[in-house]
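A.B. asks: Heads up: the sequence shown at position 204 corresponds to 212 in our numbering, and the numbers run straight through without jumps. This is the structure I want to talk about, given as structure tokens.
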Amino acid sequence: MSRSFVGGRSIRWLIGSVVFAVIAAGVTPASAEIRARSAMAQVAAMQPGWNLGNTLDSTGSDETSWGNPRITEALLDNVKAQGFKSIRLPVTWSAHLAANGTIETAYLDRVKEVVRWALARNLYVMVNIHHDSWQWINAMPANRTGVLNRFNTVWTQLAAAFRDFGSKLSLESVNEPQFAGSSGQAQEIELLNELNASFRDIVRRSGGNNTSRLLVLPTLHTSADQPLVDALANQMRSFNDPNLAATVHYYGYWPFSVNIAGGTRFDATAQNDLTGYFDRVYNAFVAKGVPVILGEYGLLGFDRHTGTIEQGEKLKFFEYLGHYARTKKITTMLWDNGQHFGRTSFQWKDPELYAQIRSSWRTRSGTAFTDQVFTERSSAITAKTIALNLNGTSFSGLWQGNTALARGRDYTVSGDQLTITAQALTRLSGSRQYGTNAVLTARFSRGVPWKLNVITYDRPVLSNASGTTASFAVPTNFRGDLLATMEAKYADGTNAGPNDWTSFKEYDSTFAPDYSAGTTVLRPDFLNTLRDNTKVTLTFHYWSGTKVTYYVTKSGSNVTGALA
9 MSRSFVGGRS
19 IRWLIGSVVF
29 AVIAAGVTPA
39 SAEIRARSAM
49 AQVAAMQPGW
59 NLGNTLDSTG
69 SDETSWGNPR
79 ITEALLDNVK
89 AQGFKSIRLP
99 VTWSAHLAAN
109 GTIETAYLDR
119 VKEVVRWALA
129 RNLYVMVNIH
139 HDSWQWINAM
149 PANRTGVLNR
159 FNTVWTQLAA
169 AFRDFGSKLS
179 LESVNEPQFA
189 GSSGQAQEIE
199 LLNELNASFR
209 DIVRRSGGNN
219 TSRLLVLPTL
229 HTSADQPLVD
239 ALANQMRSFN
249 DPNLAATVHY
259 YGYWPFSVNI
269 AGGTRFDATA
279 QNDLTGYFDR
289 VYNAFVAKGV
299 PVILGEYGLL
309 GFDRHTGTIE
319 QGEKLKFFEY
329 LGHYARTKKI
339 TTMLWDNGQH
349 FGRTSFQWKD
359 PELYAQIRSS
369 WRTRSGTAFT
379 DQVFTERSSA
389 ITAKTIALNL
399 NGTSFSGLWQ
409 GNTALARGRD
419 YTVSGDQLTI
429 TAQALTRLSG
439 SRQYGTNAVL
449 TARFSRGVPW
459 KLNVITYDRP
469 VLSNASGTTA
479 SFAVPTNFRG
489 DLLATMEAKY
499 ADGTNAGPND
509 WTSFKEYDST
519 FAPDYSAGTT
529 VLRPDFLNTL
539 RDNTKVTLTF
549 HYWSGTKVTY
559 YVTKSGSNVT
569 GALA
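See below:
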């Protein structure tokens with residue numbers, strides 16, 4: 009068309025609107041690509057991020073095969089509304105590969121559709137090869153050429169598919185790289201280096217926007233162990249490529265992360281594990297101008313359910329992680345397989361947890377040693393003192409709902425010690441029914457208030473029981489108390505049950521309280537490991553500090569439980 013105006017609008021305006029529409033769709037011709045910002049700036053702009061987990065990374069025939077619904081544009085709208093700036097889109101390709109490595113067209117088109125939706129909402133997106141890492145890539149020690157050829161075939165197709173997408177799309181070579189049957193860590197590092205180098209070369213040579221696209225390279229196991237960090241840092245220096253980022257994952261100090269070995273609290277050991285982890289990647293990468301993406305973070309116990317870790321302790325973990333990641337300029341991407349943000353309700357299943365996470369993106373919040381204030385019903389109420397973790401804030405008051413408690417009469421503060429008076433606890437406990445009688449909030453100069461649950465309890469009462477290794481539960485009148493952990497030992501002092509390097513068993517996988525049913529369930533994973541006809545002493549530890557002893561004996565598939 010030679011006319012300079014169409015319908016009263018200039019051709020320049022028309023071309024501009026088309027380019028804008030193309031950019032919004034996530035595809036931009038190289039000539040229209042806005043000059044890419046530096047890798048450090050782009051990764052900083054991706055903070056905070058969220059994983060769309062257990063969906064396109066499902067290993068079945070469809071993105072719904074692990075129980076999550078199909079991704080919708082409404083989901084992405086709502087994720088963005090929560091404050092997230094980027095989405096990690098894990099994709100497992102293995103179920104959609106032909107024998108020659110050709111990707112199923114419909115599945116690739118579906119991934120591209122979701123990427124376009126996210127980019128159109130001005131979200132950054134990171135796409136990877138996900139569970140393929142343990143499904144077939146891990147066989148590389150025994151089949152180096154075959155695995156490498158298949159890996160290259162997949163990335164050649166993905167590079168071509170995404171070459172003209174906008175710069176807000178980044179590509180991650182492989183999720184949690186791991187190898188089976190290797191000769192050791194040195195060989196595994198060598199194999200990962202080969203995969204990372206091949207990935208980078210394929211994407212860069214594919215042209216278009218891939219020549220300068222941000223590429224994300226993992227450490228072995230996405231771990232921040234020093235030798236693995238050093239290996240990736242050395243390789244990245246050899247590339248002399250300014251558009252690279254490193255990625256690791258962090259799920260916390262393992263005993264705390266799954267609640268085993270007595271790791272019930274986010275204590276100094278758990279905190280030091282986190283700071284050491286982040287310090288290592290900061291020193292190796294960020295301090296030298298290479299950005300770091302924490303591609304996944306959370307707690308491993310969440311894979312069972314979020315109640316495996318006590319509420320206050322998990323809040324302290326997420327508060328501190330968000331704070332420390334900020335100080336080390338690490339972009340964080342929350343792992344969410346559907347257990348956090350409802351895929352159709354668009355509501356947080358634990359709003360208190362999300363509030364703490366969101367606050368940590370900007371500032372620190374005050375916390376405390378505990379979120380539980382126990383008073384024993386069989387005893388007179390006395391004043392209770394709780395240590396505050398001010399975290400650079402100042403304490404501003406104690407509240408019940410919208411009512412401020414009176415300083416001096418209801419509570420006192422001395423430094424970081426908050427004392428709630430006996431008079432206030434008596435009033436708050438009311439008729440002293442078992443359980444939580446009142447919820448207080450400690451407010452600080454900034455950040456999220458800290459909840460304190462005022463709980464009335466008495467020593468739990470357990471009863472004799474019988475059952476089988478497939479189904480056994482200890483009748484338990486919890487009387488307001490809450491179970492923290494369980495120890496298991498034989499009479500000779502050796503540890504019983506799985507993970508017998510510790511007497512403290514893993515919460516929920518070996519035992520679990522069922523407060524509504526009034527039982528403490530002992531799982532088959534625990535019972536099946538016990539010696540036959542040998543009494544096991546169980547010590548149940550409750551959050552009030554109470555300990556109760558119980559005995560179980562397994563004989564074949566039969567199990568009996570007794571108080572003596």
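Yeah, the Cβ is synthetic: ideal placement off N, Cα and C, and Gly gets one too. Quick caveat, the model's predicted, so the values are computed rather than measured.
Compute the distance between the beta-carbons of residue 93 and residue 68, then report whether it is under 8 Å.
C.D. replies: It is not a contact, given that the beta carbons lie outside the stated cut-off.
A.B. asks: In angstroms, rounded to a whole number, what distance separates the CA positions of residue 76 and residue 61?
C.D. replies: Going by the C-alpha atoms only, they are around 9 Å apart.
A.B. asks: According to DSSP, simplified to helix, strand and coil, what is residue 134?
C.D. replies: Strand, per DSSP.
A.B. asks: Leaving out five residues before and five after residue 521 in sequence, what residues of the same chain have Cβ atoms less than 6 Å from its Cβ?
C.D. replies: For residue 521, where only same-chain residues beyond five positions count, the Cβ hits under 6 Å are 491, 528.
A.B. asks: Would you mind working out which of 401, 312, 308 sits nearest residue 519, comparing C-alpha positions?
C.D. replies: Residue 519 has its Cα closest to that of 312, out of 401, 312, 308.
A.B. asks: Are at least three pairs of beta-carbons, each pair with one atom in the region 253-262 and one in the region 216-231, less than 8 Å apart?
C.D. replies: The region 253-262 vs the region 216-231: in contact.
A.B. asks: I need the straight-line Cα distance from residue 488 to residue 59, nearest angstrom please.
C.D. replies: When rounded, the distance between both Cα atoms is 37 Å.
A.B. asks: Counting only the same chain and skipping the five closest in sequence on each side, list residues whose C-beta sits under 8 Å from that of residue 35.
C.D. replies: Model confidence at residue 35 stands at a pLDDT of 44, short of 50, so the residue's coordinates are unreliable; what they give is reported in the following sentence. Here the set comprises 124, 172, 173, 174.
A.B. asks: Given this structure, state the Cα-to-Cα distance separating residue 40 from residue 207, to the nearest angstrom.
C.D. replies: With a pLDDT of 34 at residue 40, under the threshold of 50, the predicted position of this residue should be treated as unreliable, though the coordinate-derived value follows. The straight-line gap from Cα to Cα measures roughly 25 Å.
A.B. asks: Helix, strand or coil for residue 398? Go by DSSP, reduced to three states.
C.D. replies: It is coil, neither helix nor strand.
A.B. asks: Considering Cα atoms alone, identify which of 559, 81, 419, 190 is closest to residue 498.
C.D. replies: Closest by alpha carbon: 559.
A.B. asks: Are residue 453 and residue 404 closer than 8 Å when you measure CB to CB?
C.D. replies: Cβ atoms of residue 453 and residue 404: closer than 8 Å.
A.B. asks: Could I get the ranges of all uninterrupted beta strand (DSSP E) runs contained in the region 498-561, with 3 residues as the minimum, in chain order?
C.D. replies: Here the runs fully enclosed are 519-522, 527-530, 544-550.
A.B. asks: Compare the beta carbon distance of residue 464 and residue 440 with 8 Å and say whether it is the shorter of the two.
C.D. replies: Going by C-beta atoms, residue 464 is nearer than 8 Å to residue 440.
A.B. asks: For the beta strand (DSSP E) containing residue 443, list its first residue and its last residue.
C.D. replies: Looking at the DSSP string, the run of the beta strand (DSSP E) that includes residue 443 is 443-452.
A.B. asks: Report the start-end ranges of each alpha helix (DSSP H) in the region 70-95 that is 4 residues or longer and not cut off at the edges.
C.D. replies: Fully enclosed alpha helix (DSSP H) runs of 4 or longer: 81-89.
A.B. asks: Can you have a look at residue 185 and say buried or exposed, based on whether 16 or more other CB atoms are within 10 angstroms of its CB?
C.D. replies: It is buried - the Cβ of residue 185 has at least 16 other Cβ atoms within 10 Å.
A.B. asks: For residue 318, which three-state DSSP category applies?
C.D. replies: If DSSP states are grouped into helix, strand and coil, residue 318 belongs with coil.
A.B. asks: Is it buried or exposed, residue 322, if we count other Cβ atoms within 10 angstroms and call 16 or more buried?
C.D. replies: It is buried - the Cβ of residue 322 has at least 16 other Cβ atoms within 10 Å.
A.B. asks: Select from 300, 307, 276, 551 the residue whose C-alpha is nearest the C-alpha of residue 573.
C.D. replies: With the chain covering 9 to 572 only, the question about residue 573 has no answer from this structure.
A.B. asks: Does the separation of the CB atoms of residue 52 and residue 337 fall below 8 Å?
C.D. replies: Closer than 8 Å, so yes.
A.B. asks: Would you call the CB atoms of residue 99 and residue 137 closer than 8 Å?
C.D. replies: Yes.
A.B. asks: Using 10 angstroms around the beta-carbon of residue 343, count the other beta-carbons present and answer buried if the total reaches 16, otherwise exposed.
C.D. replies: Per the 10 Å Cβ criterion, buried.
A.B. asks: Where residue 505 and residue 555 are concerned, what is the direct C-alpha to C-alpha distance, given to the nearest angstrom?
C.D. replies: Rounded to the nearest angstrom, the two C-alpha atoms are 19 Å apart.
A.B. asks: Using the DSSP secondary-structure output, state which residues sit across from residue 459 in a beta bridge.
C.D. replies: Beta-bridge pairing links residue 459 to 449.
A.B. asks: With DSSP collapsed to three states, give me the class of residue 211.
C.D. replies: Helix, per DSSP.
A.B. asks: So what does residue 184 bridge to, in DSSP terms?
C.D. replies: In DSSP, residue 184 forms no bridge with anything.
A.B. asks: Could you compute how far the alpha carbon of residue 279 sits from the alpha carbon of residue 325?
C.D. replies: Roughly 8 Å between the two C-alpha positions.
A.B. asks: Taking one C-beta from the region 259-278 and one from the region 506-518 each time, how about it: are there three or more such pairs within less than 8 Å?
C.D. replies: With a cut-off of 8 Å, the region 506-518 and the region 259-278 count as touching, because enough Cβ pairs lie within range.
A.B. asks: If we ignore side chains and look at the alpha-carbon of each, how far apart do residue 538 and residue 493 end up?
C.D. replies: Taking the straight line joining both Cα atoms gives about 18 Å.
A.B. asks: What does the Cβ neighbour count give for residue 218, buried or exposed, with the cut at 16 atoms within 10 Å?
C.D. replies: By the 10 Å Cβ count, residue 218 comes out buried.
A.B. asks: Nearest CA to the CA of residue 379: which residue from 388, 396, 363, 368?
C.D. replies: Minimum Cα distance to residue 379 is reached at 396.
A.B. asks: In or out: residue 121 buried (at least 16 other Cβ within 10 Å) or exposed?
C.D. replies: The residue in question, residue 121, is exposed, as its Cβ has fewer than 16 Cβ neighbours within 10 Å.
A.B. asks: What does the alpha-carbon distance come out to for the pair residue 525 and residue 168?
C.D. replies: Roughly 56 Å between the two C-alpha positions.
A.B. asks: Between the C-alpha atoms of residue 399 and residue 247, what's the straight-line distance to the nearest angstrom?
C.D. replies: Residue 399 and residue 247: Cα-Cα distance of roughly 41 Å.
A.B. asks: For residue 341, does the three-state DSSP call read helix, strand or coil?
C.D. replies: In the structure shown, residue 341 sits in a strand (DSSP, three-state: E or B).
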